[in-house]
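K.L.:
Numbering (full-length UniProt numbering), first residue to last: 1 to 247.
Just so you know, even glycine gets a beta-carbon here, dropped at the ideal spot from N, CA and C.
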Amino acid sequence: MINKISKIGFSKIGGIFIGKDIVSDFHKHYALTVIVSFGKLFSLYTSKDNQDDYQAVLIQKNIDFSIETCKNEYVAFIHIVPYSEAGMRLTDNAHPILKLDSLKLQDSLSLIKDWFYSNVNTQEIVENILDAISLITGACKEKKVMDDRILKAMTLIMDSEDEKLHVDKISVAVNLSISHFNRLFKKETGLTFRRFVLHSKLIKSIFAVYENNNLTEASFIGGFSDQPHLTRTFKENFGIKPSTILK
Numbered sequence: 001m002i003n004k005i006s007k008i009g010f011s012k013i014g015g016i017f018i019g020k021d022i023v024s025d026f027h028k029h030y031a032l033t034v035i036v037s038f039g040k041l042f043s044l045y046t047s048k049d050n051q052d053d054y055q056a057v058l059i060q061k062n063i064d065f066s067i068e069t070c071k072n073e074y075v076a077f078i079h080i081v082p083y084s085e086a087g088m089r090l091t092d093n094a095h096p097i098l099k100l101d102s103l104k105l106q107d108s109l110s111l112i113k114d115w116f117y118s119n120v121n122t123q124e125i126v127e128n129i130l131d132a133i134s135l136i137t138g139a140c141k142e143k144k145v146m147d148d149r150i151l152k153a154m155t156l157i158m159d160s161e162d163e164k165l166h167v168d169k170i171s172v173a174v175n176l177s178i179s180h181f182n183r184l185f186k187k188e189t190g191l192t193f194r195r196f197v198l199h200s201k202l203i204k205s206i207f208a209v210y211e212n213n214n215l216t217e218a219s220f221i222g223g224f225s226d227q228p229h230l231t232r233t234f235k236e237n238f239g240i241k242p243s244t245i246l247k
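1) Apply the 10 Å Cβ neighbour rule to Lys61 and answer buried if 16 or more other Cβ atoms are within range, or exposed otherwise.
2) Can you name the residues that DSSP bridges to Gly190?
3) When you compare only the Cα positions, how much space is there between His29 and Gly239?
4) Ignore the nearest five residues each way along the sequence and tell me which others in Met1's own chain have a CB closer than 8 Å to its CB.
5) Output the distance between the C-alpha atoms of Tyr83 and Gly39, rounded to the nearest integer angstrom.
6) Counting C-beta neighbours from all protein chains within 10 Å, is the total for Ser177 16 or more, i.e. buried, or is it exposed?
7) In terms of alpha-carbon separation, which member of Ile129, Val145 and His180 lies closest to Gln106?
8) Name, in chain order, the residues that DSSP records as bridge partners for Tyr74.
9) Looking only at C-alpha atoms, which of Lys235, Ala86, Leu165 and Asp226 sits nearest to Asp64?
10) Where do the ends of the alpha helix (DSSP H) carrying Asp52 lie?
11) Taking buried to mean at least 16 other C-beta atoms within 10 Å of its own C-beta, is Ser179 buried or exposed?
12) Taking the alpha carbon of Leu156 as the reference point, which residue from Val145, Met146 and Ser171 has its own alpha carbon closest?
13) Sorted by chain position, which residues of the same chain lie with C-beta nearer than 7 Å to Ser47's C-beta, five sequence neighbours on each side aside?
14) Between which two residues does the alpha helix (DSSP H) containing Ser6 stretch?
15) Are there 16 or more other CB atoms within 10 angstroms of the CB of Pro228, so buried, or fewer, so exposed?
16) Checking 8 Å against the spacing of the C-beta atoms, do Ser200 and Ser219 come in under that value?
17) Taking the alpha carbon of Ser243 as the reference point, which residue from Ile150, Arg149, Lys152 and Gly19 has its own alpha carbon closest?
18) In its own chain, which residues sit with a C-beta less than 8 Å from the C-beta of Arg232, not counting the 5 before and 5 after it?
19) Quick one: grab the DSSP three-state call for Lys241.
20) Are the beta-carbon atoms of Ser11 and Val126 separated by less than 8 Å?
21) At which residues does the alpha helix (DSSP H) containing Glu124 begin and terminate?
22) Between the C-alpha atoms of Tyr74 and Leu58, what's the straight-line distance to the nearest angstrom?
23) Using only the alpha-carbon positions, how far apart do Leu198 and Ser102 sit?
24) Can you list, in chain order, the residues of its chain whose CB lies under 8 Å from that of Asn121, leaving out five sequence neighbours each side?
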């Protein structure tokens, strides 16, 4: 078996990071998060005094938590964009943290392991894994639809190369007043316009790392003022330093 330390994968609907010996700070992430251990249980904390152990868990977006994995045990961190079809299937506001049946995840875990131990790393394979994960039993089956204007706004933000993107430009593009746009954007996404712009910069920087750029290069590609700004934002979202994914 190939000796691996970590691996990162990327697709249009989210990404995967696999690593070991992970101890994170408390953090919130905009994406839906599925965490699956290759073997031993990991500890998930929702506060300093509230800790549970899991083999696999689904965490909804914007939930504050930290994690500690068993020593030398590989764990897959799967982040899925909430407004993608896969994300909509997993969105379940009634269960902020949901324990998953590890036996029913065996096929998905096999896909993850095959990808991890191979030298192949295409976006198509990663997207197929994320789609498979989104079909797990226990996820919400209710059909959800996001406002088309907000979907368009999010696409415009993600595609923009403007480092100082202003809300008035986007609100005009989707035919909404600034005040109406801000209210609707927060309702639909759970984030303010400013926080989503920052999130989009983070995703662009992570993709730059995926394409083998170093952290300094990735920070400027994503639109951050410098590497420390990227590092702070990354840690706020993942609870670990970005250098961890470059091991």
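P.N.:
Walking through what the data contain:
1) buried
2) Gly190 is not bridged to any residue.
3) 9 Å
4) Low confidence applies here, because Met1 scores a pLDDT of 40, under 50, leaving its location unreliable; read the following figure in that light. Cβ within range, chain order: Tyr117.
5) 31 Å
6) exposed
7) Ile129
8) Lys20
9) Lys235
10) Unbroken run through Asp52 is the beta strand (DSSP E), Asn50 to Tyr54; no alpha helix (DSSP H).
11) exposed
12) Ser171
13) none
14) Here Ser6 belongs to no alpha helix (DSSP H), and DSSP marks it neither H nor E.
15) exposed
16) no
17) Gly19
18) none
19) coil
20) yes
21) Gln123 to Ser134
22) 17 Å
23) 34 Å
24) Lys7, Gly9 and Trp115
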